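Numbering (the UniProt record's numbering), first residue to last: 1 to 104. Ideal Cβ positions, reconstructed from N, Cα and C, are used throughout, including at glycine. Note that the coordinates shown come from a computational prediction; the quantities given were computed from them, not determined experimentally. This report refers to the structure that appears directly beneath it.
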């Protein structure tokens, strides 16, 4: 019997497409719609660490409540520190550098 595909792998194309849409919404100034889109991703999908970090960073810039913003920022920072610590095992410098450019 075949094992079911992990949800994060199955949903990866949807997560990528939705993140691109959220980027477009942010660039267009549709911050509330962007916030709603990102919250849906965070609450309903298992994401790989880099997309999850991007969602957390974007959310932290969109909310007015500093407690939520700070919590999301700290979670993103924890993920980044994990990636830095395990750079040779899981992530290499090229991947992390390319990811940082997507945040600019």
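- Within the same chain, Cβ atoms closer than 7 Å to the Cβ of residue 72 are found at 56, 59, 60, the five residues on either side in sequence being excluded.
- When only Cα atoms are considered, residue 34 and residue 49 end up about 20 Å apart.
- Excluding its 5 nearest sequence neighbours in each direction, residue 63 has C-beta neighbours in its own chain below 6 Å: 69, listed in chain order.
- Check the Cα spacing between residue 39 and each of 79, 29, 52: the tightest is with 52.
- Given a length threshold of 4 residues, each whole run of the alpha helix (DSSP H) inside the stretch 10-56 is given here in chain order: 31-44.
- Close CB contacts of residue 79 within its chain, under the 7 Å cut and outside five residues either way in sequence, are with 49, 52, 53 (chain order).
- Taking the Cβ atoms as the reference, residue 74 lies roughly 20 Å from residue 87, outside the contact range of under 8 Å.
- Comparing alpha carbon positions, the residue from 43, 85, 66, 77 closest to residue 15 is 43.
- Per DSSP, residue 70 is one residue of the alpha helix (DSSP H) stretching across 66-85.
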